Amino acid sequence: MNYRELFSISVQHTYYQGGLGRDFSIVPTQDCLRLLQGHRLLYRQSPGRLRVLSPLEQGNMLIGLADQLQLRFSIVLQNPAPLQFTAAIPGQGQVFAYTNADQANAYTLNAATDSGAGKWGEVVLTNNSSLRTDFSQPNPFVIQLQAAQAAWTYYLILAEAEAPAAYQIQDTGGNLSFGAADDLSSSPDPQDATALQLTASSAMAGKRLLRFRSQQSLPYSENKLRGIQLIKQSSGNTFEVLIPDLPNPQAAKQGSAFIYL
109 MNYRELFSIS VQHTYYQGGL GRDFSIVPTQ DCLRLLQGHR LLYRQSPGRL
159 RVLSPLEQGN MLIGLADQLQ LRFSIVLQNP APLQFTAAIP GQGQVFAYTN
209 ADQANAYTLN AATDSGAGKW GEVVLTNNSS LRTDFSQPNP FVIQLQAAQA
259 AWTYYLILAE AEAPAAYQIQ DTGGNLSFGA ADDLSSSPDP QDATALQLTA
309 SSAMAGKRLL RFRSQQSLPY SENKLRGIQL IKQSSGNTFE VLIPDLPNPQ
359 AAKQGSAFIY L
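Going from the sequence shown to the numbering used here is simple: count from 1 and add 108.
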């Protein structure tokens, strides 16, 4: 028996290298499984993607789909990491609902229909004019997610209480600009919980804490932004590049990175 792809569902996310949301799985609901089996349809899963295959009889579906038949799938998180770097996330007790019934809307926000762990959303595909069952064209149903944006914050922990003006952070690619460092050892920021926790530690005794914060926000990404340098001003106007390629701040650390000298 020959099979051909009837349609596919994929989660695209701007955070991931390559664009495919690898931390998401797409699974048929129990009702959907029964419908797939009744129509002899197979499904194949891979990270961030699901394909549905139909057996062929003289180039057509072996068992056709009834008009307006609905197939329901669940989108499930394999781990909680995307909750930290995705721009829009479902609230408590809610899921995103995606459908091909109305092409004008990417999704709606619905109450969760079950308490499945890690459930992100539901996909309802209706056999309508947008779902071509004659195999004349592919039927890719793409769910597009955007990465959250954040200003980048670097905390520089100095072993000695050097003058903060001696240090700078510079992005050689021109994507970000950083002003002068905030000297949080002498002037704590009551709104910065991370800095307050650091300065309260006994390990910070005799050290200086500087904070550099970007003036722009960038989306989180697996693709590393290179060329962000830590520079120290030596005597006169001489500058020394201490670290030519700083790590990118992580969503798990609220857009922060830590540098110890």
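Glycine is no exception: its CB is placed at the ideal position from the N, C-alpha and C atoms.
Just so you know, these numbers come straight off a predicted model, no measurement behind them.
Asked, Found
"Isoleucine 367 versus isoleucine 265 - alpha carbon distance", "6 Å"
"Any 3 or more C-beta pairs closer than 8 Å across the segment 171-186 and the segment 232-241", "yes"
"Contiguous alpha helix (DSSP H) assignments of at least 4 residues, all confined to the segment 274-357", "301-308"
"Status (buried if at least 16 other CB within 10 Å, exposed otherwise) for leucine 318", "buried"
"Cβ-based burial, isoleucine 95 [other Cβ within 10 Å; buried from 16]", "Nothing about residue 95 can be read from this structure; the chain reaches only from 109 to 369."
"Limits of the beta strand (DSSP E) - the one that glycine 229 falls within", "227-234"
"Spatially closest choice to alanine 259 from Asn356, Ala196 and Thr346, by CA coordinates", "Asn356"
"According to DSSP, residues forming a beta bridge with histidine 121", "Leu253"
"Local Cβ density within 10 Å of lysine 227, reported as buried at 16 or more and exposed below that", "buried"
"Under the three-state DSSP convention, the category alanine 365 falls into", "strand"
"Asparagine 213 versus isoleucine 117 - alpha carbon distance", "Here asparagine 213 scores only 46 on pLDDT, less than 50, and its place in the model should not be relied on; the value that follows carries that caveat. Near 16 Å, if we compare the C-alpha coordinates of isoleucine 117 and asparagine 213."
"Own chain residues within Cβ distance below 8 Å of leucine 369, not counting five before or after", "Leu264, Ile265, Leu266, Ala267 and Leu350"
"Boundaries (first-last residue) of the alpha helix (DSSP H) holding phenylalanine 193", "190-193"
"Which listed residue (Phe320, Tyr328 and Asn110) has its alpha carbon closest to that of alanine 273", "Phe320"
"Buried versus exposed call for isoleucine 171 [16 or more other C-beta atoms within 10 Å across all chains shown]", "exposed"
"Inter-stretch contact (C-beta, 8 Å, three-pair minimum) for the segment 154-170 and the segment 119-138", "yes"
"Distance between glycine 314 and asparagine 345 (C-alpha atoms, nearest Å)", "28 Å"
"Glutamine 245 - DSSP class collapsed to helix/strand/coil", "coil"
"Local conformation of glutamine 138 per DSSP, three classes", "helix"
"Minimum C-alpha distance to leucine 284 - residue among Gln257, Asp290, Gln324 and Leu304", "Gln324"
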